[in-house]
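S.K.: All residue numbers for the sequence shown refer to full-length UniProt numbering, where the first residue is 1 and numbers rise by one.
Just so you know, even glycine gets a beta-carbon here, dropped at the ideal spot from N, CA and C.
Owing to the predicted nature of the structure, the values given are computational and were not obtained by experimental measurement.
I'd like to ask some things about the structure below.
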Amino acid sequence: MLVKVQHRRALGARPRTACYITAMVILLYWFLLRDQRYRTVRFSEIVDLTEPPQPQPQAGDHNGDHGQSPDITESTAHVIPDNPRENAELAQQPLSDHEAGAIYGNTLETLVEKQGPKAPENEDALASIDEDVPFNYHRAYTFSPYPDYNSTAWKSTHAEYVPCIGPTGAEVEDISVFRGRPKDFPEPGFGSYDLLRIDGDVCFERETRLGQYGVATVTDEDGREINWDTVNWGILQHMCRERNKARFESDGPPNEFIAAYDNLSEERLKEEETAAPTTQRLKRALSRRWSGWWDSYTEGDSTTPGPAENMTTVKKEPRTALLLRSYTGKKYTENDKLVIRSLVTELSLRTGGEYQVFLLIHVKEDADIWGDDEEYRRIIEAEVPQEFWDMTFLWSENAVRRAYPKLDWWASLVHDGQYLSVQMFMQEHREFDYVWNWELDSRVIGNHYDVLTKLADFSRKQPRKGLWERNERFYIPGFYGDYDTHFRKYVEGISGADTVWGAPNLPIINPIGPKPPVATPEEDNYEWGAGEEADLITLSPIFNPINSDWAMRDHIWGYRSDDFPVENLPLRTTIITQSRISRRLIDTMHAENLRGNQVASEMATQTVALVHGLKAVYAPMPVFFDRPWNGTQLARWFNGGPRGTSGGHGSAMGWGREGRFQGATWYYRANPPQRIYNNWLGYEDTGIGGPQWEEEHGRPCLPAMILHPVKDVEPTEPGHSTESKLPY
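Written out as structure tokens, the structure is:
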């Protein structure tokens, strides 16, 4: 009887279940395939790819000189036809070629030093160490890519630099490197060392790179092993900043765009602040979190800050905050901890406070983190390793909604509102000129200061002429040739008159960026913008998501009026939100969000920079592939949009086409980052690495690069493999 009743219930539930399933399928189909922003594409924008672009001479060295630029013909202005089967084959391509997998298994035993001189600043960064490294016959070199602090040249324009104390009680030390590069390591598929002036001819090994942060045993001045739980990285950073306070502004200007953008009077602003719990109220609450924790520690630091009053030529140095994104419930591995220690040491302590590193924690539970100081502290102590307690900043989606009451509820969720917490932080911490939004699952093989400084230097040098068009394309040296000559010429030729020159004329936007000095780009000799700090630096192209099939292209709130439909809003996107943003851009985003305007996180900084005429730069860092694709193939599959861009129809970031990135060292669905990092740490992964493998082949070493994603790093078991297949 019971069986029959259950059988009838099951049969009776089937029609309803089928209806639910059908409805869910329809909703999913509508969500993935809908696109209110499709437009008619001109025939001139779509050319049948019967002949691929002609290949260019491939790089035989690291100097970035790859011959002539590609011919600007109809065949280069291609759009890749959608072929799901071909996309899947690309993602799952067997690595049978003898050059495939060349990024794996490279060790100190295979180092070959590049012939010819290094860039002067890279040679100056190396100093030979007298003693040999016990695990290798190669001589190690200290690596110090920092300015020549307190030199005559330095003191002519800077206040005195005061060295800072690290966790051992002594001044922080530099890491070590080895000259050369594994002989079989390939050239970058995207990006260039020489273009960014990063030394691609030094190799980083795990113990000499991360030893002082916990890979090796660390002792204090008395020879006692460091107990990391007793280290307070927040206080160390604060004391370092105090030692060097003559070099930096103690505070920054208020956000001028809140009132100016909407022409609100002070009386109206006061009315709005009274009517709703705005950011200013949150700012006062946040001030309570920080002011009390550090005051008592500052009294114990007897170091006198360097003089600043005696020099009229001294300029205050800009400061940068680096926000490491994390969340409640995160389990911090030992590798997570030593990476955070390295960020603090290399960016903050070694520079005397030029940078300051924070943990930005998303509080997922319903907790009163703004009204209750004890609850705020309780969450930090429960969720964060003790050594990082006093460098932690909490935020929640409820707090975001209080700060931005006009935003749509969906727009306030972290998926689409990732930068809202960054904006809240920067409204409180006005002393920072720039902020890095940093993913905790990224890893820098190299010195953090060296890499970030070189990215900023490159971006500062870029002229605005043709910049948005260069930003739209992966820079592929093996196809385009030299960046500043052949690539620039190619992009401008294929773009024609369709180019960004200042802020677009939009009735809903009052641009805050500078106006072009001349009417047309043809009148400019690459002068406008050269030497101007970038408001936005990204690590991947800034592409047009319209018609790209990228999943979040329609996530837009506000940005419309009776006379301006949202479909007319120009958009730009970068996949992976790790980027540096200026205070000016952050303040503008803050003002837009107070008005209720918002786009998806991956579009937020790029789109606001575009419509406001601010300077945005894709800095082409080196990205490697474990597939032996040449420049022509990379251009075909990654710059496959209209006029050879990375966006639009055929974009590799579109739904069903992201498998092309599966063999890359930088993309959120890539396999090599985890595998190559595991091997580098000495863990076996996919048949390479581990103690026995290293006894035969030597210690792994790698040139400078940024990897993503690298998650939950732990020692692996024999036979472990991170290889996986993406769903289609």
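So the candidates are G663, V623, H415; which of them puts its Cα closest to the Cα of G200?
M.R.: That would be V623, whose Cα lies nearest to the Cα of G200.
S.K.: Just verifying my parser: in three-state terms, what is the DSSP assignment at A691?
M.R.: The sequence shown places Pro at residue 691, not Ala. Correct three-state label for P691: helix.
S.K.: Cutting at 6 Å between CB atoms, please list the residues of its own chain near N679, excluding the five before and the five after it.
M.R.: Excluding residues within five positions, the ones whose Cβ falls inside 6 Å are D685, I688, G689, P700.
S.K.: Relative to the C-alpha of R209, which residue among V599, L338, T230, E109 is closest?
M.R.: Here the closest residue by C-alpha is L338.
S.K.: Among Q356, L440, K615, which one has its Cα closest to the Cα of I576?
M.R.: With distances taken between Cα atoms, I576 lies closest to L440.
S.K.: Have a look at E173 and N122 and give me their C-alpha separation to the nearest angstrom.
M.R.: Distance between the alpha carbons of E173 and N122: 18 Å.
S.K.: Could you tell me the alpha carbon to alpha carbon distance between L324 and E523, rounded to whole angstroms?
M.R.: One C-alpha to the other measures close to 43 Å.
S.K.: Could you give the residue range of the beta strand (DSSP E) that holds N437?
M.R.: It spans 434-439 - the beta strand (DSSP E) in which N437 sits, taken as one unbroken run.
S.K.: Answer yes if the stretch 531-541 comes into contact with the stretch 453-464, meaning at least three C-beta pairs across the two stretches below 8 Å, and no otherwise.
M.R.: The stretch 453-464 vs the stretch 531-541: in contact.
S.K.: Contact check, E346 vs Y449 under 8 Å by CB: the rounded distance?
M.R.: Yes, they are in contact, since the Cβ atoms of E346 and Y449 sit about 5 Å apart, within 8 Å.
S.K.: With the cut-off set at 7 Å, would you say G663 and R627 are in Cβ contact?
M.R.: Going by C-beta atoms, G663 is nearer than 7 Å to R627.
S.K.: Tell me whether D685 sits in a helix, a strand or coil according to DSSP, three-state version.
M.R.: D685 falls in the strand class under three-state DSSP.
S.K.: Tell me whether T485, by its Cβ, gets closer than 6 Å to a heavy atom of the ligand GTP.
M.R.: As far as ligands go, the structure on display features none, and thus does not contain the ligand GTP.
S.K.: Cβ of N544 within 7 Å of Cβ of G648?
M.R.: Yes, Cβ-Cβ distance for N544 and G648 is below 7 Å.
S.K.: Contact check, R247 vs H138 under 8 Å by CB: the rounded distance?
M.R.: With a Cβ gap of about 37 Å, R247 and H138 do not count as contacting.
S.K.: What are the partner residues of A616, as DSSP defines its beta bridges?
M.R.: Paired residue(s): L536.
S.K.: Whose CA, out of Q212, A604, N227, lies closest to the CA of Q578?
M.R.: Looking at the Cα atoms, A604 is the closest of the given residues.
S.K.: If you reduce the DSSP assignment to three classes, tell me which class E527 lands in.
M.R.: If DSSP states are grouped into helix, strand and coil, E527 belongs with coil.
S.K.: To the nearest angstrom, how far is the alpha carbon of F564 from that of R583?
M.R.: Taking the straight line joining both Cα atoms gives about 28 Å.
S.K.: Do I361 and T392 have their C-beta atoms closer together than 7 Å?
M.R.: Yes, the pair counts as a contact, with Cβ atoms nearer than the cut-off.
S.K.: Buried or exposed for residue 730, please, with buried defined as at least 16 other CB atoms from any protein chain shown within 10 angstroms of its CB.
M.R.: Nothing in the structure corresponds to residue 730, since the chain is present only between 1 and 728.
S.K.: On the three-state DSSP scale, how would you describe M653?
M.R.: Reduced to three states, the DSSP call for M653 is coil.
S.K.: Applying the 10 Å Cβ sphere with the 16-neighbour rule, what's the burial state of Y327?
M.R.: Per the 10 Å Cβ criterion, exposed.
S.K.: For the beta strand (DSSP E) containing R179, name the first residue and the last one.
M.R.: Unbroken beta strand (DSSP E) run through R179: 175-179.
S.K.: Put T142 into one of helix, strand or coil per three-state DSSP.
M.R.: Of the three classes helix, strand and coil, the one that applies to T142 here is strand, per DSSP.
S.K.: Excluding the 5 residues preceding and the 5 following T722 in the sequence, name in chain order all residues of the same chain whose CB lies nearer than 8 Å to its CB.
M.R.: Around T722: N671, Q674, R675, N678, D685, T686.
S.K.: For N471, tell me which candidate among A616, I198, S192 has the shortest Cα-Cα distance.
M.R.: Of the candidates A616, I198, S192, the one whose C-alpha sits nearest the C-alpha of N471 is A616.
S.K.: Could you give the DSSP three-state label for V5: helix, strand or coil?
M.R.: Residue confidence is low: V5 scores 34 on pLDDT, short of 50, so the model does not pin down where it sits. No coordinate-derived value is stated.
S.K.: Taking the alpha-carbon positions, what's the C240 to G353 distance?
M.R.: Each residue's Cα considered, the two are about 6 Å apart.
S.K.: Does DSSP put S582 in a helix, a strand or coil?
M.R.: Residue state, collapsed to three classes: strand.
S.K.: May I ask you to list the residues that DSSP assigns as paired with E225?
M.R.: Paired residues: T219.
S.K.: Looking at C-beta atoms only, is the number of pairs between the stretch 701-710 and the stretch 173-185 that lie closer than 8 Å three or more?
M.R.: Contact holds: three or more Cβ-Cβ distances are below 8 Å.
S.K.: To which residues does DSSP link S561 through a beta bridge?
M.R.: F564.
S.K.: Please classify T40 as buried or exposed, where buried requires at least 16 neighbouring CB atoms within 10 angstroms.
M.R.: Bear in mind that the predicted position of T40 carries a pLDDT of just 30, short of 50, making it unreliable; the figure below should be weighed with that in mind. Counting Cβ neighbours within 10 Å, T40 comes out exposed, since fewer than 16 surround it.
S.K.: For G214, which residues from the same chain have a beta carbon less than 8 Å from its beta carbon, with the 5 sequence-adjacent residues on both sides left out?
M.R.: W228, E334, K337, L338, R341.
S.K.: If you draw a straight line from the C-alpha of G466 to the C-alpha of P167, how long is it?
M.R.: Approximately 47 Å between the Cα atoms of the pair.
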